[in-house]
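Mapping the sequence shown onto this note's numbering, position 38 (from 1) lands on 73, and the numbers just tick up by one.
Each remark here refers to the structure printed beneath this line.
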Amino acid sequence: KNIYDVLEMSVEEAIDFLKSHQPLPEGKRANNHLFSKLNEVRKHFESFPDDRSVPLLLGALGPGDGHGIYVMIEETLHAHSPEVVSAELKNGLKSQYASVRYWSAQFAAGYPNEDMKTELISAFINGDSDTQIAAITAIEAIGTPVVKKMLQDVREKSVDQDVIDLLDEVTS
Numbered sequence: 036k037n038i039y040d041v042l043e044m045s046v047e048e049a050i051d052f053l054k055s056h057q058p059l060p061e062g063k064r065a066n067n068h069l070f071s072k073l074n075e076v077r078k079h080f081e082s083f084p085d086d087r088s089v090p091l092l093l094g095a096l097g098p099g100d101g102h103g104i105y106v107m108i109e110e111t112l113h114a115h116s117p118e119v120v121s122a123e124l125k126n127g128l129k130s131q132y133a134s135v136r137y138w139s140a141q142f143a144a145g146y147p148n149e150d151m152k153t154e155l156i157s158a159f160i161n162g163d164s165d166t167q168i169a170a171i172t173a174i175e176a177i178g179t180p181v182v183k184k185m186l187q188d189v190r191e192k193s194v195d196q197d198v199i200d201l202l203d204e205v206t207s
């Protein structure tokens, strides 16, 4: 008997839910059932990691905080291989959706990888101040002189004083 037989949801049901919500709508436009279901799916893949879920979990991250569920996706990602997560974060940083780029930058700090530097700089340049701060934090976690120089080079592209202050702090 397969372990999935005893779960409330099969792996394919969880994958299908994620595939049909790329991304989830903003909290105001989504009902609590959607976020409840996302939390159930998230817990499923935290207990039973499946690499197919990683890009779909990232792609589900819509605008807002997802009723507090989105931040918990990071724990679900930790149940998966760092190599798979890093590769999918890099893809998420290139998403057409600003919310996916923001959350990918946010989570990238936990997976410092110089292979993401170009995508993180792009997220910084094209992002709002929240995405810029997340990208700076992820770039700082990489910590190489090359990426610090990249941050210095993009400083003038920011107009938000909090972002400028953080850039000055991490590049000094």
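Heads up, the beta-carbon is just placed ideally off N, CA and C, and yes, glycines get one too.
If contacts are defined as beta-carbon pairs under 8 Å, then G101 and L73 qualify, I think. What distance do you get, rounded to the angstrom? The sequence position of residue 101 within the sequence shown is 66, counting from 1. The sequence position of residue 73 within the sequence shown is 38, counting from 1. Contact flag correct, Cβ pair sits at about 7 Å.
Tell me whether H115 sits in a helix, a strand or coil according to DSSP, three-state version.
As a first step, residue 115 must be located in the sequence shown, where it is residue number 80. Three-state result, H115: coil.
In the DSSP assignment, the alpha helix (DSSP H) including E81 goes from what residue to what residue? Indexing the sequence shown from 1 puts residue 81 at position 46. Segment N67 to S82, the alpha helix (DSSP H) holding E81.
Worksheet item: With a CB to CB cut of under 7 Å and the five nearest residues on each side skipped, what residues in its chain are close to E109?
Response: Numbered from 1 along the sequence shown, position 74 holds the residue referred to as residue 109. Hits under 7 Å: F142 and G145.
Suppose you measure from the CA of L59 to the CA of P180; what does that come to, to the nearest Å?
Numbered from 1 along the sequence shown, position 24 holds the residue referred to as residue 59. Numbered from 1 along the sequence shown, position 145 holds the residue referred to as residue 180. Distance between the alpha carbons of L59 and P180: 37 Å.
Margin query: Out of L91, G97 and G103, which one is the CA nearest neighbour of L124?
Written below: Counting from one through the sequence shown, the residue named residue 124 turns up at place 89. Closest by alpha carbon: L91.
Exercise. Please report the residue range of the alpha helix (DSSP H) in which A49 lies.
Key: Your numbering for residue 49 matches position 14 in the sequence shown. It spans V46 to K54 - the alpha helix (DSSP H) in which A49 sits, taken as one unbroken run.
For this session: For Q131, count neighbouring Cβ atoms within 10 angstroms of its own Cβ and tell me buried if that reaches 16, exposed if not.
Result: Position 96 of the sequence shown, counted from the start, is the residue given in the question as residue 131. That one is exposed.
In this structure, how does DSSP classify S164 when only helix, strand and coil are distinguished?
As a working note, residue 164 is residue 129 in the sequence shown. S164 falls in the helix class under three-state DSSP.
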